[in-house]
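The sequence shown maps to residues 1018 to 1369 in our numbering.
Reading through the structure tokens given below for one structure.
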Amino acid sequence: MKSTAVHEEHDCDNNDDHRADDNPQDNGDEVLQVMPSDSFFFSIVRDPAALARSAFSYYKSTSSAFRKAPSLAAFLSNPRAFYRPGGRGNHYARNLLWFDFGLPFPPETRVSPQLPRDPSPLQLHIMPSAAGLGTLFQPVTTAANSHQQPVGFASSDFRPSSFIQWGLAWLDSVFDLVMVAEYFDESLVLLADALCWGLDDVVGFMHNAQAGGEQRLGAANKSVLNSEDQQLTARARAWNNLDWALYTHFNRSLWARIEQYGRSRLQRAVAELRARREALAKRCLMGGEALDPKYITDVKLRPFQFGSAKVLGREEEEEEEEEEEEEEEEEEEEEEEEEEEEERIDYSTPNL
């Protein structure tokens, strides 16, 4: 997970900015000290169930807990049989979002801290961005963005609810916007609006995605999961309890922001963003879609392959540009030949 800080003048006519990409767990405090106090910080979260599927595939050889488990379902059915706190690479195996944000963990106990029961489908619908807008939560009030480190968590108060609320309050104080992967396009529109950018400033293409990831996401969010998948999703969210609390918090805050922006207005902006992306993909990308790495001829554009799942990438479309350059060169040569021909005719014409 990457977090980004942007600093620019608070004048929407001024688009000059300075950016810093950061892994918060590495050097978040240093970034806060270096960037100006009025910098705009934003990041992104993902449904812990989807993240668990991706992490198990990608980090199976890295995490000792994942490496011991024959499958993700086996791991989640009895995670304590495989997971050891502090084990090599085991930060990938539990609450990866919480870890990436650089938040401290409560003391490890044999019994996991209990969060409220997983909301029913009527209370919480996690849908992909492409599915369109829908009500998820009622708007909630979040803490003011002060970008200041909050008062440290009292070491004597390790009640799960208090600990989690402290962590969420700190993130609210630092980040001006936390995007949601399942509503990525909507999040991009809100990001552009907050920074006084145009949609062309945030349009982009999916890269470094696991093969089949979009199809799995679509199936997971159209209520067509079988009972085994539903059980795996519930277990993944329960095991990654801190991540689930973090995700639902920022899912709520995103939709509170959407309500302020206006749903109809957002729908129009999202449609415009997708149309622009599609047009640019046809113009700039080979085939207009994500490709198997073996079809990407430019080695620099091939995504790094790690884990058991194939990671797809993009190939820039160069043929049209080369053809246009060749046509321009041919036109220039023809113009030069015509000019030379005119000069020869002028020289050969006798004076009368």
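We put the beta carbon where it would ideally sit given N, CA and C, even for glycine.
Since the structure is predicted, the reported quantities are computational estimates derived from the model, not experimental observations.
Along the chain, where does the beta strand (DSSP E) containing residue i start, and where does it finish?
| i | result |
| --- | --- |
| leucine 1194 | 1194–1197 |
Which one or two residues does DSSP pair with residue i in a beta bridge?
| i | result |
| --- | --- |
| isoleucine 1061 | Met1196 |
Among the candidates the options, whose CA atom is the shortest distance from the CA of residue i?
| i | options | result |
| --- | --- | --- |
| arginine 1252 | Ser1080, Ser1060, Arg1101, Arg1070 | Arg1070 |
| leucine 1049 | Phe1116, Ser1190, Glu1355 | Ser1190 |
| valine 1206 | Ser1088, His1108, Lys1077, Tyr1278 | Tyr1278 |
| serine 1074 | Leu1089, Arg1063, Phe1122, Glu1352 | Leu1089 |
| glycine 1104 | Glu1355, Lys1085, Arg1063 | Lys1085 |
| asparagine 1095 | Leu1259, Ala1255, Pro1065 | Ala1255 |
| alanine 1300 | Gly1221, Pro1124, Asn1258, Thr1250 | The question names alanine, but residue 1300 in the sequence shown is arginine. Per the Cα distances, Gly1221. |
| methionine 1223 | Leu1297, Ser1244, Ala1072, Asp1064 | Leu1297 |
| leucine 1068 | Arg1274, Thr1250, Ser1204, Glu1352 | Thr1250 |
| leucine 977 | Tyr1076, Ser1178, Leu1185, Glu1353 | Nothing can be reported for residue 977, as the shown portion of the chain is limited to 1018 through 1369. |
| arginine 1280 | Leu1212, Ser1204, Asp1055, Ser1054 | Ser1204 |
| glycine 1119 | Tyr1100, Asp1055, Tyr1076, Leu1188 | Leu1188 |
| glycine 1270 | Asp1055, Phe1059, Arg1285 | Here the sequence assigns serine to residue 1270, which means glycine is not the residue at that position. Of Asp1055, Phe1059, Arg1285, the residue nearest in Cα terms is Phe1059. |
| aspartate 1055 | Tyr1076, Asp1193, Pro1102 | Asp1193 |
| tyrosine 1200 | Phe1122, Trp1183, Gln1284 | Gln1284 |
Residue i to residue j, Cα distance in whole Å?
| i | j | result |
| --- | --- | --- |
| leucine 1216 | tryptophan 1272 | 20 Å |
| leucine 1114 | arginine 1291 | 28 Å |
| arginine 1282 | aspartate 1210 | 12 Å |
| isoleucine 1061 | methionine 1196 | 4 Å |
| serine 1173 | phenylalanine 1180 | Because serine 1173 carries a pLDDT of 41, less than 50, the predicted location of this residue cannot be relied on, and no value is offered for it. |
| arginine 1111 | tryptophan 1214 | 36 Å |
| phenylalanine 1267 | glutamate 1349 | 57 Å |
| aspartate 1246 | asparagine 1107 | 23 Å |
| valine 1219 | glutamate 1289 | 12 Å |
| serine 1078 | alanine 1091 | 16 Å |
| aspartate 1260 | glutamate 1347 | 59 Å |
| proline 1130 | asparagine 1258 | Residue placement at proline 1130 is flagged as unreliable, the pLDDT there being 42, under the threshold of 50; the coordinate-derived value follows with that caveat. Cα-Cα distance, rounded: 8 Å. |
| arginine 1208 | glutamate 1355 | Reading off the sequence, residue 1208 comes out as leucine, not arginine. In a straight line, the C-alpha of leucine 1208 is about 53 Å away from that of glutamate 1355. |
| phenylalanine 1083 | serine 1178 | 28 Å |
| glutamate 1295 | glutamate 1047 | 39 Å |
| serine 1080 | tyrosine 1109 | 6 Å |
| arginine 1063 | leucine 1212 | 22 Å |
| aspartate 1117 | serine 1244 | 31 Å |
| arginine 1101 | proline 1121 | 17 Å |
| proline 1087 | glutamate 1276 | 44 Å |
| alanine 1066 | proline 1053 | 36 Å |
| aspartate 1202 | arginine 1293 | 12 Å |
| valine 1051 | phenylalanine 1057 | 13 Å |
| alanine 1098 | valine 1287 | 45 Å |
| proline 1124 | threonine 1265 | 23 Å |
| tyrosine 1076 | glutamine 1182 | 29 Å |
| leucine 1093 | glutamine 1248 | 10 Å |
| valine 1168 | alanine 1198 | Bear in mind that a pLDDT of 40 at valine 1168, under 50, signals an unreliable position, so the model cannot answer this. |
| arginine 1274 | glutamate 1353 | 60 Å |
Just curious, the alpha helix (DSSP H) that residue i is in, first and last residue?
| i | result |
| --- | --- |
| arginine 1291 | 1280–1301 |
| leucine 1113 | 1113–1117 |
| lysine 1077 | Per DSSP, lysine 1077 belongs to no alpha helix (DSSP H) and is neither H nor E. |
| arginine 1254 | 1244–1256 |
| aspartate 1210 | 1201–1211 |
| phenylalanine 1092 | 1089–1094 |
Beta-carbon of residue i versus every beta-carbon of chain B: anything under 8 Å?
| i | result |
| --- | --- |
| glycine 1104 | The displayed structure is made up of one protein chain only, and chain B is not part of it. |
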